[in-house]
Every structure is written in C-alpha cells, then in structure tokens.
Amino acid sequence: MGRGGMDSQGSSGSRSLRSTASAQRKMLVCSHGVRPVLRVSRTIKNPERQFWGCVYYEVHGQCDFFFWADQELPKEDHEKTKLRKKVLSLKLKLKVKAYEWRLKMDTFLAILGWLGLFSMWLQKSEAKTHYHQVVRLNLG
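Numbering (numbering that gives the first Met the number 0), first residue to last: 0 to 139.
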C-alpha cells in the first residue's frame, strides 16, 4: 500500500464497530509509544478499508506500524502490548529523571554563577572604597 494513497479519518459506523475500534486502539501501540489513528486505505486493492497507522506515519516516515481494523487481535499481542506499554512507561520515567537531574544541575550552576558575580561585585566595591581611602590619606 503506497503512502500517498491514505487519508486520516475518524472512526465511523455502528456502535459495535466504534467500541471494537476503541478497544483495538487501546491495545495497539506503535514503536513511538503512541496509540495509532484510524485511517482509510485509498488503494485499488483495498479501497475504503480502515486500518490503524502511526500518527507520525506521514511526518517521520520511519514508522511502518500497520494493522487492519477489521482483523481480530491475536491473544499473544495483548501480552506483548502490555509489556511494550510497561517498557515505554519505564523509559518515560527515566527521561523525566534525566530532565529533573539536568534542571537541578542547571539551577546549581546558575546559583554558582550568581554567587561568583556577586563576589566580583563585592571585590570591586571594596577596591573602590580602599582606593578612595588611600587617595584621602595622600591628600590629607
């Protein structure tokens, strides 16, 4: 199926089709860690057939996640999906921890920079005071 032959489209049809599609969507996760969107095939071989595709399909071009909406999910895929979601959740937690650490380091370095700046200002201020005292002693 060519990339140019697909359009994004929301779920339509009867309630049972929507609930089946919704249940499928909850179980499917692409390699980006996001739930896919329901799309419609525009090819000659599968006209108007709905399928699940990655939301980044047309943006990144790297994700080839694909699943026909009218197919049943195999039982083993449910377990794989749960494990994949768990792995993605743990990866997200690691990213959050890394961002927290970086924020703490940036804050520490900013404070250290301000303290250094304040220290230089004090030294300059003391030097001016000392200079004025020396000048007064020499004049007096």
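All C-beta atoms in this analysis are idealised placements derived from N, C-alpha and C, irrespective of residue type, glycine included.
Rounded Cβ spacing between residue i and residue j (contact assumed at less than 8 Å)
i, j, result
"F64", "S30", "7 Å"
"V54", "V39", "Wrong, their Cβ atoms sit about 15 Å apart, outside the cutoff."
Member of the options whose CA lies at the smallest distance from the CA of residue i
i, options, result
"E71", "L27, F117, Q122", "L27"
"W67", "T80, K79, T128, G52", "G52"
"R34", "N45, P46, F50", "F50"
"D69", "L121, N45, M104", "N45"
Other residues of its chain near residue i: CB distance less than 8 Å, five sequence neighbours each side excluded
i, result
"R101", "none"
"L91", "G32"
"K158", "Residue 158 lies beyond the range of the chain shown here (0 to 139); nothing can be said about it."
Residues near residue i in its chain [Cβ-Cβ closer than 6 Å; skip 5 each side]
i, result
"E57", "none"
"R48", "S40"
"G115", "none"
Neighbourhood of residue i by C-beta, 7 Å cutoff - its chain only, sequence neighbours within 5 removed
i, result
"R83", "V28"
"C62", "C29, S30, H31, C53, Y55, Y56"
"G9", "Here G9 scores only 45 on pLDDT, less than 50, and its place in the model should not be relied on; the value that follows carries that caveat. Same-chain partners within the cutoff: L37."
Contact with chain B by residue i, beta-carbon distance below 8 Å
i, result
"F50", "No chain B appears in the structure shown, which is made up of a single protein chain."
If you scan the segment 32-100 from start to end, which runs of the beta strand (DSSP E) of 3 or more residues do you find wholly inside it?
36-41, 46-52, 65-67
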